[in-house]
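Enquirer:
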DNA sequence: CTGCCCCTGTAA
DNA sequence: TTACAGGGGCAG
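In our numbering, the protein residues as written are 1 to 268.
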């Protein structure tokens, strides 16, 4: 999935598509997507509502409509994009929102792991309450980050991916940030010095800031989050290839059931 | 902490 | 055929 930068790019697409629009009705093609709400409950909740704003926190998308909020999570393969002709919805579409200008916003999701839900303020506030600060928000300060990491006994890679501490990093950017900060993903936060934690904080912010620009620029083809020059991981997905910094071989290990890529030479 | 689950697609 | 995929919730 889309991690913070790609989700941000999707938010911009949604904002542009829904600006000044009203959702006439919604169609659910995969009922799991809105569970535990039934498709008709969900559709009824958003039908006829005028769009207000889009908010993002980490990888969560809140589409505020008049009177109700549409909470969306793209998980692994979710994606929003506008279509001109609502009848020509692709087979992978999980849901579609038909708008008052005759166009539609499609929620596409080949794997169907994504989440759509109509929520009231109390619910989405509770949801946000479980999340740490967005990695690109002013609340994500070096002090706060270092303080939290300092008391964590989990491997730092897992700490970074835990949305309760900082929201937005996933498997790719966690690995890339650690490479950039030259920190071994197996170390625990408590075992890292303050200087290294501050360096990691800076690496995260710099990496994501840059990636937001690339992702938004690259965002054109539905389902494709970054292509070409815009996305060149240094370590992610590059097992046994050469490290761009030291030319040593990149390694793959498993942490929390997911692949971690790192350069043993650079990251200690 | 690990492993399994949700689902489908793709590559080895 | 198997392993793996940028996520996350759950049970043990």
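Don't be surprised by glycine CBs; every beta carbon is placed ideally from N, CA and C. Computed from a prediction, not measured in an experiment: that's the story for all the values here.
For the pair the segment 28-40 and the segment 247-262, tell me if three or more CB-CB distances fall below 8 Å.
Expert: No: the two stretches stay apart, fewer than three of their Cβ pairs being nearer than 8 Å.
Enquirer: Since residue 73 sits in a beta bridge, which residues does DSSP pair it with?
Expert: According to DSSP, residue 73 bridges with 60, 115.
Enquirer: Using 8 Å for Cβ pairs, my map puts residue 71 next to residue 30. What's the rounded Cβ distance?
Expert: Actually they are not in contact, since the Cβ atoms of residue 71 and residue 30 sit about 17 Å apart, beyond 8 Å.
Enquirer: Could you name the residues of the same chain whose beta carbon sits closer than 8 Å to that of residue 262, not counting the 5 residues immediately before and after it, in chain order?
Expert: So the list reads 175, 178, 179, 184, 185, 235, 250, 251, 253, once near-sequence residues are dropped.
Enquirer: When you compare the segment 111-125 with the segment 142-160, are there three or more beta-carbon pairs, one atom per stretch, that lie closer than 8 Å?
Expert: These segments do not touch.
Enquirer: Under a Cβ-count criterion, where at least 16 other Cβ atoms within 10 Å of its own Cβ denotes burial, should residue 228 be classed as buried or exposed?
Expert: Residue placement at residue 228 is flagged as unreliable, the pLDDT there being 41, under the threshold of 50; the coordinate-derived value follows with that caveat. Per the 10 Å Cβ criterion, exposed.
Enquirer: With a threshold of 16 other CB atoms inside 10 Å of the CB of residue 42, please say whether the residue is buried or exposed.
Expert: Residue 42 should be labelled buried.
Enquirer: Considering just the uninterrupted stretch of the alpha helix (DSSP H) at residue 7, what are its terminal residues?
Expert: 4-18 is the span of the alpha helix (DSSP H), which, as asked, contains residue 7.
Enquirer: Per DSSP, residue 259 is paired with what?
Expert: DSSP lists 254 as partners of residue 259.
Enquirer: Mind checking residue 100: buried by the 16 CB within 10 Å criterion, or exposed?
Expert: When all chains shown are included, residue 100 counts as exposed.
Enquirer: Taking the continuous alpha helix (DSSP H) assigned at residue 173, which residues delimit it?
Expert: Segment 171-181, the alpha helix (DSSP H) holding residue 173.
Enquirer: Check this for me: beta carbons of residue 45 and residue 68, under 8 Å apart or not?
Expert: A contact, by the Cβ cut-off of 8 Å.
Enquirer: Could you have a look at residue 52 and say whether DSSP puts it in helix, strand or coil?
Expert: Of the three classes helix, strand and coil, the one that applies to residue 52 here is strand, per DSSP.
Enquirer: List the endpoints of the continuous alpha helix (DSSP H) containing residue 143.
Expert: Residues 142-150.
Enquirer: Cutting at 7 Å between CB atoms, please list the residues of its own chain near residue 255, excluding the five before and the five after it.
Expert: Contacts found: 155, 157, 158, 185.
Enquirer: Give a yes or no on whether the C-beta atoms belonging to residue 82 and residue 103 are separated by under 8 Å.
Expert: Yes, the Cβ-Cβ distance between residue 82 and residue 103 is below 8 Å.
Enquirer: With distances taken from CA atoms, which of 89, 19, 33 is nearest residue 65?
Expert: For the residues 89, 19, 33, the minimum Cα distance to residue 65 belongs to 19.
Enquirer: Please determine, among 15, 135, 105, the residue with the shortest C-alpha to C-alpha distance to residue 28.
Expert: Answer by Cα proximity: 105.
Enquirer: Give the straight-line distance between the Cα atoms of residue 201 and residue 145, rounded to the nearest whole angstrom.
Expert: Roughly 7 Å between the two C-alpha positions.
Enquirer: Contact check, residue 96 vs residue 86 under 8 Å by CB: the rounded distance?
Expert: Yes, they are in contact, since the Cβ atoms of residue 96 and residue 86 sit about 6 Å apart, within 8 Å.
Enquirer: May I ask you to report which of helix, strand or coil DSSP gives residue 205?
Expert: Helix.
Enquirer: Pick from 58, 199, 147: whose alpha carbon is nearest that of residue 129?
Expert: Closest by alpha carbon: 58.
Enquirer: In terms of residue numbering, what span does the beta strand (DSSP E) encompassing residue 47 cover?
Expert: Per DSSP, residue 47 belongs to no beta strand (DSSP E) and is neither H nor E.
Enquirer: Can you give the Cα-Cα distance for residue 51 and residue 205, rounded to whole angstroms?
Expert: Each residue's alpha carbon lies about 31 Å from the other.
Enquirer: Buried or exposed: where does residue 136 fall if 16 or more other Cβ atoms within 10 Å of its Cβ makes it buried?
Expert: Buried, since its Cβ has 16 or more Cβ neighbours within 10 Å.
Enquirer: For residue 76, is the classification buried or exposed, using 16 other Cβ atoms within 10 angstroms of its Cβ as the cut-off for buried?
Expert: With fewer than 16 other Cβ atoms within 10 Å, it is exposed.
Enquirer: For the alpha helix (DSSP H) containing residue 127, name the first residue and the last one.
Expert: Residue 127 -> alpha helix (DSSP H) spans 121-129.
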